[in-house]
Structure formats: structure tokens, C-alpha cells
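>
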Amino acid sequence: MNNKAISLAALLVCGFCTLAAGQESSSTAAMPFLAVNPDPVASGMGGTASRGAFSHFSGIAGTEGEDADVQVGVAYNYFQPDAYTSHIAAAAGVWKYSDRLAFTAGVLYRAGEKFNVTSESGYSMGTFMPFDIRAGIGASYKIMDGLSAGLTLNYAQSNSVPEIDGEQQVDRTGFADVQVAYRFSFPLRLAVSATSLGLPVKSSSGDKYALPMALRADADYYIALGDCSLRPSLSVGMYFKGASISASLGLEYAYKDYVYVRTGGHLSSGETGLPSYFSLGAGVKLVKCLTLNAAWLYADGPMKNTVSAGLSLAL
1077 MNNKAISLAA
1087 LLVCGFCTLA
1097 AGQESSSTAA
1107 MPFLAVNPDP
1117 VASGMGGTAS
1127 RGAFSHFSGI
1137 AGTEGEDADV
1147 QVGVAYNYFQ
1157 PDAYTSHIAA
1167 AAGVWKYSDR
1177 LAFTAGVLYR
1187 AGEKFNVTSE
1197 SGYSMGTFMP
1207 FDIRAGIGAS
1217 YKIMDGLSAG
1227 LTLNYAQSNS
1237 VPEIDGEQQV
1247 DRTGFADVQV
1257 AYRFSFPLRL
1267 AVSATSLGLP
1277 VKSSSGDKYA
1287 LPMALRADAD
1297 YYIALGDCSL
1307 RPSLSVGMYF
1317 KGASISASLG
1327 LEYAYKDYVY
1337 VRTGGHLSSG
1347 ETGLPSYFSL
1357 GAGVKLVKCL
1367 TLNAAWLYAD
1377 GPMKNTVSAG
1387 LSLAL
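This is the structure:
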């Protein structure tokens, strides 16, 4: 990797650490749903970085080098059904403007379980369903051959409690994800990212909660085997809230680029980010440009029986 790539990566790390050090907040991370990547391909590979339509959520740098000019995807996640059931719907896309510049967009909506609301006097006030929203845009630019940098700007909103005394309690914030990636002349891609870069969220009581800021490194390698191919992928991350460390390892097998089988695992050492799980996934091209993907997660914990499915279109 050349000096420009090393300098950009070092600048990214230093800037992220400076912002993280300035966070004065409670021990609990705000908006934990920001750690969720709705991409069923990434889910099937243990939560490694996304490629293609869902790159906005974890792999934006280098999207200008994709073969397709336009990629869009929709996904549904039946999330943590054995713990606290959530329904997550997401849509994302990539537009390759030129060989040097690409734009991305992504939106995620999470609906939690409804619960009964009662007044101080014990009267029923109906039910309330908590929900979260994340939406943003991004861009990736090729600095030189092999070296790209990407940036996403996002809005996040969390409605976790019902209206109190006629006032709606809503947490809102803006945050950014930054990534630098280098693609070698042989099929290896390395990337370093800083995610959820934003100021702490202030609650109605005045308490501050830091976002789940993380520093992440990704590696992706492609192995051609005649009509078949293998794609091993690795991601290692560190969340600054709670000093949580995570690692994801995934493998994708493809036959003639039409049928895909995936597996992987995710390990987490702390409370921030997603709990540990093992994953299985599959995909099939319904037509030349339309692919159906699905993933199932197994765990001895909250992620057990989480299911993800989606369609992606590449033109």
C-alpha cells in the first residue's frame, strides 16, 4: 500500500480517536440499532462488510469501481425474535456516476414490540410501538488507482417512549461514516472505517448517551475456481463505548455467479454492537440482474433465529 493510503488511514484513525475521547456521557450507548446492517448477504457471512446495493451501510469506499452502473436493494429482517422482537425494513442503492465517483443512499426503519401504556392513576392509555429511523446519503471517490475514500451523512431518530404530558419524547441526531479502501492489483480489498461519528444524544432528563462509535477494518479476497468461486471475508471492529471488540469471518461459495452459499460467524466481547452468532445464507439469481438473498442466524443468545431476506437489482 502506498504512502497516500497509509496517510489517509492514519488521519482517519487519529480524527476518530480524538472525537471518541471527547465523549462525556453515560455508560450506555444511544441508538444501538445503528450497529445493524440489514444486508442479507453480509448477515449470511457473519456480519462482514457489504458489497453492492447495501454498501451504504458498511462498505461505501470503492463503489465507483463496481461493474454495474446502478444497484438497488430492499430487505426485511425478523430481528431477535427469541429476545425482543423487531421488524426491520430497509432500502439502499448505489449510482455509479463515473469511473471515479459514485453516490449511495440508504434508509432503515425498525419497529419494536408494542406495549401497554397506563397513567399514574392506573388507567389504560392504549398501546405504544417504539420505532427507529435511519436515513442518509453518501459518496465514494477514487483518489488514484486502487485507492478510494467514502463518506456518508446520516440522520437518526429514535421514538422509544410514548407521549408524556402532551409532549412527544424523540431522540434525534446526525452522524457520519468514513471509510478508506485500497484494492490491490490481485483480488484483495482492504478497508478501514470509522462509523457513527456524531455528538452524544441528550435525553429529556438531561443525560447524554454516546452513539455506538466504532473503528473497523475489513478484508475481502476473491478466488476463481473455474465455474466456481470463493470469497472469504474478515472484519474486526472496536466500539469505544464499553471498549467492546468484535470480529466477523465469512465465506461465500458461488457457482457460475448464479447460485450462492454462505456461512460465517460473529464474536463480540462486550455489550456494545451486536451479540455473537453463527450464520448461514444463500442466494440465487432469479434473472440476469435480479438476485434473491436470505440468511438465518443461530446463537445462544438474543440473535437466535434472526432471519434476513432481500432482493437486489444490478443494471
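Under our numbering, the first residue of the sequence shown carries the number 1077, and numbering increases by one thereafter. Beta carbons: idealized from backbone N, C-alpha and C, even for Gly.
#1: Here's the rule: buried if 16 or more other CB atoms are within 10 angstroms of the residue's CB, otherwise exposed. What is A1300?
#2: Using DSSP bridges, identify the partner residues of D1253.
#3: Quick one: what's K1284 bridged to in DSSP?
#4: Can you name the start and end residues of the beta strand (DSSP E) that G1182 belongs to?
#5: Using a Cβ-Cβ cut-off of 6 Å (strictly less than) and excluding sequence neighbours within five positions of D1208, which residues of its own chain qualify?
#6: Measure from the alpha carbon of N1192 to the alpha carbon of each residue in P1238, M1220, N1153 and Y1154, then state which is nearest.
#7: Among N1381, A1323, T1382 and R1265, whose alpha-carbon lies nearest the alpha-carbon of A1290?
#8: Helix, strand or coil: how does DSSP classify F1354 here?
#9: Looking only at its own chain, which residues have a Cβ that is under 7 Å from the Cβ of P1351, when we skip the five neighbours before and after it?
#10: Where does T1155 fall in DSSP's three states?
#11: Can you look up G1346 in the DSSP assignment and give me helix, strand or coil?
#12: Going by DSSP, what residue range makes up the alpha helix (DSSP H) through G1120?
#13: Considering only residues of the same chain and omitting the five flanking positions on each side of D1158, which have a CB-CB separation below 6 Å?
#14: On the DSSP bridge assignment, give the partners of N1381 in chain order.
#15: Who are A1192's beta bridge partners in DSSP?
#16: Just to confirm my understanding: we take C1304, look at its own chain, exclude 5 residues before and 5 after, and list those with CB closer than 8 Å. What are they?
#17: Ordered along the chain, which non-local residues of its own chain (more than five positions away) have a Cβ less than 7 Å from that of L1391?
#18: How many Å lie between K1317 and G1250 at the Cα?
#19: Check the DSSP bridge columns for S1269 and list the partner residues they point to.
#20: Should A1319 go down as buried or exposed, given a rule of 16 or more other Cβ atoms within 10 Å for buried?
#21: What's the C-alpha gap between L1368 and K1361?
#22: What residue range does the beta strand (DSSP E) around I1164 cover?
#23: Going along the chain, which residues of its own chain have a beta-carbon closer than 6 Å to the beta-carbon of D1247, five neighbours each way excluded?
#24: Per DSSP, which one or two residues make a beta bridge with R1218?
#25: Is G1222 near V1256, with beta carbons less than 9 Å apart?
#26: Here's a check: name, in chain order, each residue in its chain whose Cβ is nearer than 6 Å to the Cβ of V1383, leaving out the five neighbours to either side.
#27: Going by the beta-carbon positions, is the gap between A1168 and D1296 smaller than 9 Å?
#28: Taking Cβ to Cβ, would you say I1164 is nearer than 9 Å to L1184?
#29: Quick check: the Cα distance between G1188 and G1302, rounded to an integer number of angstroms?
#30: Here's a check: name, in chain order, each residue in its chain whose Cβ is nearer than 7 Å to the Cβ of P1263, leaving out the five neighbours to either side.
Answer, in terms of the structure:
#1: What you label residue 1300 is simply residue 224 of the sequence shown in a count that begins at 1. Per the 10 Å Cβ criterion, exposed.
#2: In the sequence shown, residue 1253 corresponds to position 177, counting from 1. D1253 is bridged to T1228.
#3: Here the question's residue 1284 lines up with position 208 in the sequence shown. According to DSSP, K1284 bridges with K1278.
#4: Position 106 of the sequence shown, counted from the first residue, corresponds to residue 1182. Taken as a continuous stretch (DSSP letters only), the beta strand (DSSP E) holding G1182 covers L1177 to A1187.
#5: As a working mapping, residue 1208 is identified with position 132 in the sequence shown. Once the five neighbours on either side are set aside, the close Cβ partners of D1208 are F1109, R1186 and S1234.
#6: Here residue 1192 refers to the residue found at position 116 when the sequence shown is read from its first residue. Comparing Cα-Cα distances from N1192 to each of P1238, M1220, N1153 and Y1154, the minimum goes to P1238.
#7: Taking the first residue of the sequence shown as position 1, residue 1290 is located at position 214. If we check each option's Cα against that of A1290, A1323 comes out closest.
#8: Along the sequence shown, read from residue 1 onward, the residue named residue 1354 stands at position 278. Strand.
#9: Your numbering for residue 1351 matches position 275 in the sequence shown. Closer than 7 Å at the Cβ level, and outside the excluded window around P1351, lie S1344, A1375, G1377, P1378 and M1379.
#10: Position 79 of the sequence shown, counting from 1, holds the residue named residue 1155. Residue identity differs from the one stated: residue 1155 is Phe in this sequence, not Thr. Strand, per DSSP.
#11: If you number the sequence shown from 1, residue 1346 lands on position 270. Here G1346 sits in coil by DSSP.
#12: If you number the sequence shown from 1, residue 1120 lands on position 44. From DSSP, the alpha helix (DSSP H) with G1120 extends over P1116 to G1120.
#13: For the purposes of this step, residue 1158 is identified with residue 82 of the sequence shown, where counting begins at 1. Within the same chain, D1158 has close Cβ partners K1380 and N1381.
#14: Counted from its first residue, the sequence shown places residue 1381 at position 305. BP columns for N1381 are empty, so no partner.
#15: Here residue 1192 refers to the residue found at position 116 when the sequence shown is read from its first residue. Reading the sequence as shown, one finds Asn at residue 1192 and not Ala. Per DSSP, T1203.
#16: For the purposes of this step, residue 1304 is identified with residue 228 of the sequence shown, where counting begins at 1. If we look at C1304 and ignore the five residues flanking it on each side, its Cβ neighbours are Y1329, A1330, Y1331 and K1332.
#17: Here residue 1391 refers to the residue found at position 315 of the sequence shown. Here the set comprises A1144, D1145, V1146 and C1365.
#18: One-based indexing of the sequence shown puts residue 1317 at position 241. One-based indexing of the sequence shown puts residue 1250 at position 174. K1317 and G1250: Cα-Cα distance of roughly 18 Å.
#19: Along the sequence shown, read from residue 1 onward, the residue named residue 1269 stands at position 193. Per DSSP, Q1255 and R1292.
#20: Within the sequence shown, residue 1319 is the residue found at index 243, counting from 1. Exposed: under 16 other Cβ atoms inside 10 Å.
#21: The residue labelled residue 1368 in the question sits at position 292 within the sequence shown. The residue labelled residue 1361 in the question sits at position 285 within the sequence shown. For L1368 and K1361, the distance between alpha carbons rounds to 6 Å.
#22: Taking the sequence shown and counting its residues from 1, the one referred to as residue 1164 is at position 88. Residues S1162 to K1172.
#23: Counting from 1 along the sequence shown, the entry for residue 1247 is found at position 171. The residues are S1234 and V1277.
#24: Sequence index remark: in the sequence shown, residue 1218 carries index 142 (1-based). What sits at residue 1218 in the sequence shown is Lys, not Arg. Looking at the DSSP assignment, K1218 forms a beta bridge with S1224.
#25: Here residue 1222 refers to the residue found at position 146 of the sequence shown. Here residue 1256 refers to the residue found at position 180 of the sequence shown. No, the pair does not count as a contact, with Cβ atoms beyond the cut-off.
#26: Reading the sequence shown from its first residue, position 307 is the one you call residue 1383. Correct list, in chain order: Y1154 and W1372.
#27: Residue mapping note: residue 1168 aligns to position 92 of the sequence shown, counting from 1. Residue mapping note: residue 1296 aligns to position 220 of the sequence shown, counting from 1. No.
#28: On the sequence shown, residue 1164 is found 88 positions in, with the first residue counted as 1. On the sequence shown, residue 1184 is found 108 positions in, with the first residue counted as 1. In contact: I1164 and L1184 (Cβ atoms closer than 9 Å).
#29: Here the question's residue 1188 lines up with position 112 in the sequence shown. Here the question's residue 1302 lines up with position 226 in the sequence shown. If I take the Cα positions, the gap works out to 46 Å.
#30: Translated into positions along the sequence shown, residue 1263 becomes position 187. For P1263, where only same-chain residues beyond five positions count, the Cβ hits under 7 Å are Y1297 and Y1298.
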